[in-house]
Structures are given as C-alpha cells and as structure tokens.
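Protein chains: 2
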Amino acid sequence: MVATLKDVAARAGVSVKTVSNVVNGYSFVTEDNRRRVQEAIDLLGYVPNIGARNLRKGRTGFLTLAVPELANPYFAELCGLVMNAAAEHDWTVLIEQTGGVRERELTVINAAHRSLVDAIILSPIGLQPTDLAEAAPGTPLVLLGERALSAPVHHVAIDNVAAASAATRHLLDLGHRRIAALGDQPGPHGTAALRLRGYQSALQAAGLSVDPALIVPAAAYSRAEGTAAMRRLLSLADPPDAVFCFNDMLAVGALSAARDRGLRVPEDVAVVGFDGVDEGNYSAPRLTTIAPDKAAIAEAAVGLVRAALQDGAGQPQDVVTPFTLITRESTRSFAH
Amino acid sequence: MVATLKDVAARAGVSVKTVSNVVNGYSFVTEDNRRRVQEAIDLLGYVPNIGARNLRKGRTGFLTLAVPELANPYFAELCGLVMNAAAEHDWTVLIEQTGGVRERELTVINAAHRSLVDAIILSPIGLQPTDLAEAAPGTPLVLLGERALSAPVHHVAIDNVAAASAATRHLLDLGHRRIAALGDQPGPHGTAALRLRGYQSALQAAGLSVDPALIVPAAAYSRAEGTAAMRRLLSLADPPDAVFCFNDMLAVGALSAARDRGLRVPEDVAVVGFDGVDEGNYSAPRLTTIAPDKAAIAEAAVGLVRAALQDGAGQPQDVVTPFTLITRESTRSFAH
DNA sequence: GAGAATCGTTACAACGTTGTACCTTGAACT
DNA sequence: AGTTCAAGGTACAACGTTGTAACGATTCTC
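Top to bottom, those sequences are chains A and B.
The first sequence: position 54 = 54 (my numbering), numbered continuously.
So the number in my numbering is just where the residue sits in the second sequence, counting from 1, plus 1000.
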C-alpha cells in the first residue's frame, strides 16, 4: 500500500541504497540519478518508515514528556514550549499524562516506550527518591520542577523555596500579617514541601510565627480544590487577610470562593498565585503570581537531553531557571 | 545495552520465538518454560522494542492527534480525553501542534510520521476542502469540529450552526436586541463561518436585521484577541448590549475588556462563550457558554478510527455529538 | 600506459520482532 | 505394533531501513 524504498528504486531504475542515499543527502550521487530518484519519490509519495529507520540507526528522534495533566494550563503551556524546543533539534515529543500517580510515573521512567524514545523528561509528583533506582538505564532522564528528590538525576527547576519566599514577602511588604498557605500536600519531597518551606522562612524572617491553622491542604492543584480550601480558610474564626496559593489554579478557585462570600480582593483578602499562566492575566481581579520562565525550562530540559546523549552518562546537571514575581490587581491596590 | 529477545532466550535456554510466544501470551508453552522465560525477562528487565514490532506487524499502536494549540484549554482538555479513549484500545497518542497553519496541517495529513501511526485525528483550521486530496491514502483520517469541508472524510463535530443559534436565541430570549458576534474569521469553510451562520439565522428568525458593524473579526481565538475585539465593539457609537463570542478564550478576554471600561456583566453587556472550558466556571462573572460534550467527541473519534481500521475504507461517517447551553452569571441575572 | 586514487553504485547483512512451516515428542487410537 | 494426532518447540524469512565492504568506471599521476 505505502511506497517503500524498494518501490522507488524499481521505478527509478537504481538500487535501494542509492535511493536511501538521495533521501539522506549522503555521499556522491550523479545529478541524473538524483533527479530520477526525486521524481520517483514525488510520484509515489514516498515517506521513510520511521520505525525501520530507528531500528537500524538506534536513535529514534522521539522524546517522552510526561506531565501530571494537560488540563492544567501550566503543563499545557509547558508542553507546547518543550515541543517547540525539541523540534529545533528534530525531535518529536511523545506526551504522557501521569495524573501525578506514582505508579504511572514509575511506568514512564522504567519501561513505557523505552525502545521508542531517546530520552525521558518527567514532571514528577508522586515519585519517591528511591524510585529513581528503577529508571531505565541508558535512557537519559530529566526531571522538571522537582529538586527535593536530590538523587543523581538531571534536574531543571526554579528555586521553589526562594520563589515561595518572595511571594510571601511581597504580601508582608504590603502590610499583611495573617497570611495563609493554600495547597499543602503530604510527603517531604514534593513541590508543596518546598513552597511551604519558603513560606515559613519568609514569615520567620519577618519575626512572625507560623499558624498551622492557616496551612490548608489541597488534594489536587485544581480550581475546584482551590475553592474548597479557600472556603475552609474563610470559615475560620480568625480568617487570613492574604493567601499564598501554591499554584494559579488554586488561586483562581480561591478568587471564586472569595467572590461568593462577597469579599473584595485585595482589600479584604489578597491572593497570590504560582505558575504565571495566561489565565491569571484575565481573572477578576488579575492575579499576582510567581511566573517561572517556562521557555527557559523547556530549553534547558532539551539542552540537558542533548548533552546527555552526546557525552554519555556524565555528571547529573542541576539547572536553576529564573522566575519573576508579577504583581497585579489581586495584591497591588492594597494600601495599608 | 538494552536486553532483546535474543538475550532473554539465551538466558532461559529456549528459542527466541518461544520467548516471543510468552511475551505475547501465544499458543502452547509448558509451565516450566513460561516460568523460566519470565524469570529471565524480569532479571534482564526486558522490554519489547516497539519499533521492531511495528515493522513486523504493520500496526503501530500510535495515533496522531493534531490540534492548533495546547495553550488553548479546550484543546488541552480534548487531548486528555482522546488520550484516555485511545488508551482503552491500547493506542498511544502522538500530539502535534499545527498553530492552525494550513501548511502544517497539510504536513500532518499527508506525511508526518505516516509510517508511525495507524490513523490521524485532526482538528483543522487552515485546511481547504481541496487539500484533503493530499491526505495519505491508507491512513484513516478523522476531522474534528469541522463540518463545512464536507469532503468524503470522517467527521466528528457538534452542530455548530444549531449551537450558535441556540446561544444567540438565549440572548434574544433575555431581551437583548443589539447582539454582537465576536470572532469572525475569513474563509467560507471554517468554524467561524458556521457559528456566524447560526448567529445570523437566530437573529433573522426573531425578525431582526444583521448589523455588519456588530460582527467583529479575531485573528486568533485567544484571550488577548478577545480583549482587543471587545474594545472595538465598546467603542462603537451604538455599542451592543450583548456579545456572542465564538469561543471561551475570546469571551474571557471580552469580560476583561468590559471590566476595564467599568461595565457590568451582564447588566450593561451580556456575554456568551463557546467551548465549555473549566475556566469559564471560575471567571467573574461565571461564563454562560455552549459546552460540547468533549468526552463524546473523543470517544467518537477513536471509535471511527477503530471502525476504519477494521472495515477498511468504508463510507465516511459523519458523527454529530451533543452540546448543551450552560447558563451562568454572564447572562443569567439579566432582567429585562 | 600502468598503477593509484577517486567517484558512483551496488549487494549484503543487520537492527528486533513475529508469522509460517516444519520438526520432535509422547500419547491415544486402531 | 503401526498409525494418527496434538502439543510444544524450533529455524527461517521477512518487515524497511542503513552501514559496510566491495565492485566497476573514470580520472589522475608519474
């Protein structure tokens, strides 16, 4: 059905290898042959069989990019950027959704499509440090946004502690004293733990104590969870005057909950998010947020993959990418 | 480096084919051999080479899903659902971004990774009806959300005209008379044309004339374009009292523009969106929208692929999936 | 003008897998 | 005892591609 090199060769009256040489731009082919082969290719609509090529060459031209969920715009945006960065080096990206479930993350790093991809980029959530021993040897692995694992693996991330601290300090600078942290999650190794640490250190640096009642968990980093968690905060006897949300989805949900209670943001309660998604620039009020340089993360991840494939297994790199605090209406107009 | 069937066979003391039989659960293998092979597999960490298997079997287990942009949550949500639906039938989805550019859509349908995928699901934007002649023969093609092409290709979509008409009628029922359409795009075959037709027919059915000044274009279906277009509308000498946006991103942008002008939604101007993305449930005010049943679209698309691969090239199917009008605050509290 | 160097092309093997055909073994029938 | 039969296993070829080695043809060198 589909044309192969053999078909093209037969039509052009040359050997299979000569066609292959034309396709790959190799070595020396007479102008005459090159033209005849090209005509045959166009005529038959020949397209190389990538699987066969991979089989022969060893390199596949594919990368796995595993994220918790595409429905989260942070990851959707990130996927798009990684795809672009990868395309610059002729890689195609195979996106997987893990749902943040440890078991599926394990599948990604130790087996799934191993023979089909040159490397794996994973944004882990449920993964435990010891799990990395299961990683497929020989396939470079780059972890995104997760530093606490601190295992000998390539990492790309912002400084989560510093970023969370900056967000909290921003609220402190505006005069807020009863600042909540929304989005805590179990486990000492997750992103939540790092952001919580940054939050706590900023409070302590300001001479404030940390009130456990103001640290609320979120089962998932979704808008719905943000709303639910914010409702709990607003129902406290002594509710917060500001909330640092561990991601923008939670923050959007929190804004919605505040609005439902008839509270003004930022006058009654200020809100800071984390992720810098486009959506936050259109919420009401517009969302102050920590914006990681997503393009830099994508570039760095692909760069690490390239380096790992060239040099073999060198020292695991730890790339720290920049972030900025974008102040918008959800905190800005507060006057103390 | 990576273990192959041969390595496993050597270790287990059986032939390569017997190992293959164990891996695939085929035919008759003694319990003893099966156990020994399994042990060798576990020990060596054997994983089948998918490329080689594809080469041998013809079927690849991959689908291409090409969407304009992952950053648009409608497509991000849709991708997630298609991936889930595909996973039920052991397919892995290869996501491509076309940017809505005709040339890249053409690449998708006629060449890219053709040999690597069993079928192609495309959400077209720039594609012209005649372009479908370029589609790779032998690889089933399913188009999403696009009916006007009306070529002999599988289609899955809601009834865009009816949906747009329902949205407009909703505004009419609420008493609005000066209703704008936001998001027009050139070309007689695009989604925009269908939604515009539905808008017009609803107006005419109500005995109203269509004011061309109230039909504003949008270069892209993004929040930023929605804001820009809404500004133009609000600057008219005789501005609209309601706006039907051709997608939710435009609507979110429009809400932002209205807010910047100090207008109340829906009291001063009502807004309806299209896509039913989660974000619209958290905007201020919450967005009334046409919500296509995205899960149904995903299921239908994968179902069509399955049918096409089983029956060969049968009659192209035209699947119409349901939608609902979700009324929320951006229109609801209007009293006329 | 004989040998060497270069260009252009080709046959062959191999990548890892599975379908086909065949072989072996033992048991169940006449 | 001879025949049939099925289960269990194997060897081989093939999928489409490219690297290697080798070959024929031309040109260059002294």
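The beta-carbon is built from N, C-alpha and C at its ideal position, and this holds for glycine as well.
Since the model is a prediction, treat every value here as computed from it, not as a measurement.
- Inter-residue distance for Leu1005 (chain B) and Gly80 (chain A) is about 36 Å (C-alpha atoms, whole angstroms).
- Residue nearest to Leu1106 (chain B) within the set B:Thr1018, B:Ser1123 and B:Ile1215 is B:Ser1123 (criterion: CA-CA distance).
- When the five nearest sequence neighbours on each side are left out, the beta carbons in the same chain lying within less than 8 Å of the beta carbon of Ala1206 (chain B) are those of Arg1169 and Leu1172, in order along the chain.
- Cβ atoms of Pro1285 (chain B) and Val1265 (chain B) come within 8 Å of each other, at about 5 Å.
- Per DSSP, Leu236 (chain A) lies in no beta strand (DSSP E) and is assigned neither H nor E.
- Taking a Cβ-Cβ cut-off of 7 Å, the neighbours of Met1083 (chain B) in chain A comprise Gln97, given in sequence order.
- Beta-bridge partners of Ala157 (chain A) (DSSP): A:Val320.
- Secondary structure in the stretch 1202–1250 of chain B: the beta strand (DSSP E) runs of 3 residues or longer, each lying completely within the stretch, are 1215–1217 and 1242–1245 in chain order.
- Inter-segment contact for the stretch 1154–1162 of chain B and the stretch 1211–1230 of chain B is absent: fewer than three beta-carbon pairs are separated by less than 8 Å.
- Between Thr227 (chain A) and Thr288 (chain A), the C-beta spacing is not below 7 Å.
- Judged by beta-carbon spacing, Val269 (chain A) lies within the 7 Å limit of Leu263 (chain A), meaning their Cβ atoms are closer than that value.
- The three-state reading of DSSP puts Gln310 (chain A) in helix, counting H, G and I together.
- Following the DSSP letters along the chain, one finds Leu1081 (chain B) inside the alpha helix (DSSP H) bounded by residues Pro1073 to Ala1087.
- With 16 or more other CB atoms across the displayed protein chains lying within 10 angstroms of its CB, Asp1248 (chain B) is buried.
- Residues of the stretch 35–65 of chain A with a Cβ closer than 8 Å to any Cβ of chain B, in chain order: Gly45, Val47, Pro48, Asn49, Ile50, Gly51, Ala52, Asn54, Leu55 and Thr60.
- For Val1252 (chain B), same chain residues with a beta-carbon under 8 Å away, outside a window of 5 residues either side, are Arg1223, Gly1226, Gly1273, Glu1279, Gly1280, Ser1283 and Leu1287 in chain order.
- Runs of the alpha helix (DSSP H) lying entirely within the stretch 6–63 of chain A and spanning at least 4 residues, in chain order: 16–24, 31–44 and 50–57.
- Ala1066 (chain B) is positioned such that its CB atom lies no closer than 7 Å to that of Val1302 (chain B).
- About 4 Å separates the beta carbon of Ala257 (chain A) from that of Met230 (chain A), a gap short enough to meet the 8 Å contact definition.
- Taking C-alpha positions only, Ala71 (chain A) is separated from Val1277 (chain B) by approximately 10 Å.
- Bounds of the alpha helix (DSSP H) holding Thr107 (chain A) are Arg102 to Asn110.
- DSSP places Thr331 (chain A) within a helical segment (H, G or I) once states are collapsed to three.
- Comparing alpha-carbon positions, the option among B:Pro1129, B:Thr1098 and B:Thr1092 lying closest to Val1117 (chain B) turns out to be B:Thr1092.
- Taken through DSSP and simplified to helix, strand or coil, Gly183 (chain A) comes out as strand.
- Contact check for His155 (chain A) and Leu141 (chain A): beta-carbon distance about 10 Å, past the 8 Å limit, so the pair fails to qualify.
- Rounded to whole angstroms, the gap between the alpha carbons of Pro68 (chain A) and Pro1217 (chain B) is 36 Å.
- The beta carbon of Glu1299 (chain B) sits closer than 7 Å to those of Ala1085, all from its chain and outside the five residues before and after it, given in chain order.
- Residue state for Leu65 (chain A) is assigned as strand, using DSSP reduced to three classes.
- In the structure shown, Glu1299 (chain B) falls within a helical segment according to DSSP collapsed to helix, strand and coil.
- Within its own chain, the residues whose Cβ lies closer than 6 Å to the Cβ of Ala1166 (chain B), once the five positions on either side in sequence are excluded, are Leu1325, listed in chain order.
- Spanning the alpha carbons of Ser235 (chain A) and Val210 (chain A) requires a straight line of approximately 19 Å.
- At a cut-off of 7 Å, the C-beta of Tyr282 (chain A) has a neighbouring C-beta in chain B.
- At a cut-off of 7 Å between C-beta atoms, Arg1264 (chain B) does not count as an interface residue with respect to chain A.
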